[in-house]
Amino acid sequence: MIYKPFKDGIKLSRLGMGNMRLPTQDGMGPIDREKAQEIIDYAIAKGINYFDTAYVYHNGESEKFLGEALKKYPRDSYYLATKYFLLSNPDVKAVFEEQLSRLQTDYIDFYLLHAVGMNPPERYLDKQYGTMDYLLERKKTGQIRYLGFSFHGNPDQLEQSLNAFDWDFVQIQLNYLDWTLQDAKRLYDMLAERKIPVIVMEPVRGGRLASLSPEIDAMLKAAEPNRSVASWAFRWLMRLDNVHVILSGMSTMEQIIDNVNTFENDEPLSDDLNDVLMNAGKMLLKQLHVPCTSCRYCCEECPQGLDIPGLLGIYNEYALTLSPMSLMGLGRMDAGKKPEDCVECGNCMKHCPQAISIPEVMKKLAEAAAKSRR
Ligand code: SF4
Ligand code: SF4
Numbered sequence: 001m002i003y004k005p006f007k008d009g010i011k012l013s014r015l016g017m018g019n020m021r022l023p024t025q026d027g028m029g030p031i032d033r034e035k036a037q038e039i040i041d042y043a044i045a046k047g048i049n050y051f052d053t054a055y056v057y058h059n060g061e062s063e064k065f066l067g068e069a070l071k072k073y074p075r076d077s078y079y080l081a082t083k084y085f086l087l088s089n090p091d092v093k094a095v096f097e098e099q100l101s102r103l104q105t106d107y108i109d110f111y112l113l114h115a116v117g118m119n120p121p122e123r124y125l126d127k128q129y130g131t132m133d134y135l136l137e138r139k140k141t142g143q144i145r146y147l148g149f150s151f152h153g154n155p156d157q158l159e160q161s162l163n164a165f166d167w168d169f170v171q172i173q174l175n176y177l178d179w180t181l182q183d184a185k186r187l188y189d190m191l192a193e194r195k196i197p198v199i200v201m202e203p204v205r206g207g208r209l210a211s212l213s214p215e216i217d218a219m220l221k222a223a224e225p226n227r228s229v230a231s232w233a234f235r236w237l238m239r240l241d242n243v244h245v246i247l248s249g250m251s252t253m254e255q256i257i258d259n260v261n262t263f264e265n266d267e268p269l270s271d272d273l274n275d276v277l278m279n280a281g282k283m284l285l286k287q288l289h290v291p292c293t294s295c296r297y298c299c300e301e302c303p304q305g306l307d308i309p310g311l312l313g314i315y316n317e318y319a320l321t322l323s324p325m326s327l328m329g330l331g332r333m334d335a336g337k338k339p340e341d342c343v344e345c346g347n348c349m350k351h352c353p354q355a356i357s358i359p360e361v362m363k364k365l366a367e368a369a370a371k372s373r374r
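Using the working numbering, read the sequence shown as starting at 1 and increasing by one per residue.
Here you go:
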């Protein structure tokens, strides 16, 4: 395992164990504790020392599981990271105390505000709720060693959050697709300029970058026959100096064995291999991405009054993640305005300068939504 110095003599394993996607019974039930314990034991045996969870993961069961799973190991042999999600309970003190109890510990090494950006930073930072006062106090008592936040927002929100406190670290979604697609480069640069260590989440975009398409996978395999497709994404991240820990939510032994192999040596992608990967990323976007520019020329003559560019945006996100989470926006849409309400009249296509097969995409999106509800 390779390590990177953090602060105060601490060395963090560059591969961190994410505990949001632990193996579950029947693929969606409670955590399969036997299989999950095997993964944790392997992680420890191979030198992973950073374990990330959150109050809300697996409906609160992730923290409880992790507390059980790690209790046989000395507390100073690993670092625990967990998060406070304001919507789960506005009483930060009650949540923090419950987390200590769930995790069977009297301190948390890395404590994060959860999903800042998706939740307005001003709510977390608002004096009247006392969230930060409480957490800074816990830092003084040593119950929190390092304070940071996980971020899902835009550069302005990041700026606002960074200006509010002297943070020890920040966790962002970073991978070679989001580098440009979601402007993750800008977020990374803002943190690097301030010398704030970065913890990476979603390095393989929820698994999407572990298998791209048969054609692109074959191209990567031809360049490096003994490397997995996922290892390319990890070694791309190793090129970034300010990335400290790369979290991976490993749910099978196969995944952790492959990832541990990748992190055996400090081998960032070479410039030549990086060119191959960037080309693969472009090919993937071309294959999957619907090139809608949101001009809305198509909307006027839609008899169903669908928000076509909005729906295509959801489709693009889904195509790149294959995650049911990316379809959540459909649930908030009014009845009669969903992809399944498309009557395939084709009016929209007459006006689309990008020649997008809109009814076809609506059909695929409706199928994905139906599948996610099953
Ligand atoms: S094909 Fe579907 S999306 Fe396009 S105009 Fe007709 S109903 Fe609207
Ligand atoms: S006309 Fe085409 S490019 Fe413009 S919003 Fe509609 S689908 Fe997107």
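No residue lacks a Cβ here, since even glycine has one placed at the ideal position from N, Cα and C.
Alpha carbon to alpha carbon, how far is residue i from residue j?
i	j	result
W232	L277	7 Å
R145	M238	25 Å
G60	A54	8 Å
L70	W179	34 Å
L181	G331	24 Å
M362	M1	45 Å
K337	M118	24 Å
G29	L22	11 Å
H152	C348	33 Å
D41	I216	34 Å
K35	T252	8 Å
I31	F65	8 Å
L113	V56	12 Å
H58	E300	43 Å
K221	D168	39 Å
I39	M250	8 Å
E193	C302	47 Å
F6	P197	8 Å
Does the Cβ of residue i have 16 or more other Cβ atoms within 10 Å, making it buried, or fewer, making it exposed?
i	result
I257	exposed
E264	exposed
V343	exposed
R235	buried
V9	First, the residue type needs correcting, since residue 9 is Gly and not Val in the sequence shown. With fewer than 16 Cβ atoms within 10 Å of its Cβ, G9 is classed as exposed.
G142	exposed
G431	Absent from the structure is residue 431, since the part of the chain shown begins at 1 and ends at 374.
T262	buried
K350	exposed
K83	buried
R296	exposed
Y188	buried
M328	exposed
S270	exposed
Out of the options, state which residue places its alpha-carbon closest to the alpha-carbon of residue i.
i	options	result
L306	E340, P214, G281, L187	E340
V260	V92, I108, A45	A45
Y124	F96, S161, L100	S161
P353	I108, P309, L320, C345	P309
I108	T131, E202, Y79	Y79
S372	A355, S326, I358, A335	S326
L135	A94, G47, P155, K7	A94
V411	K139, P120, E224, F110	For residue 411 there is no data in the structure shown, the boundaries of the chain being 1 and 374.
P320	L177, N19, N163	This sequence places Leu at residue 320; Pro is not what is there. It is L177 whose Cα lies nearest to the Cα of L320.
M20	D271, E202, S62, R138	S62
R138	Y129, N163, K127, F96	F96
Sorry if obvious, but does the Cβ on residue i come closer than 7 Å to a heavy atom of ligand 1?
i	result
C345	yes
L220	no
E367	no
P303	yes
I358	yes
M328	no
M362	yes
When DSSP labels each residue in this structure, what does residue i get in the three-state scheme?
i	result
K185	helix
I172	strand
T152	Note on residue identity: the sequence assigns His, not Thr, to residue 152. Coil at H152, not helix or strand.
I108	strand
H114	strand
S231	helix
P225	coil
N265	coil
A319	helix
F51	strand
I246	strand
V204	coil
For ligand 2, is there any heavy atom lying closer than 7 Å to the beta carbon of residue i?
i	result
L285	no
Y297	yes
S294	yes
L306	no
H289	no
H351	yes
L311	no
At a Cβ threshold of 8 Å, is residue i touching chain C?
i	result
P197	No chain C is part of this structure, which consists of one protein chain only.
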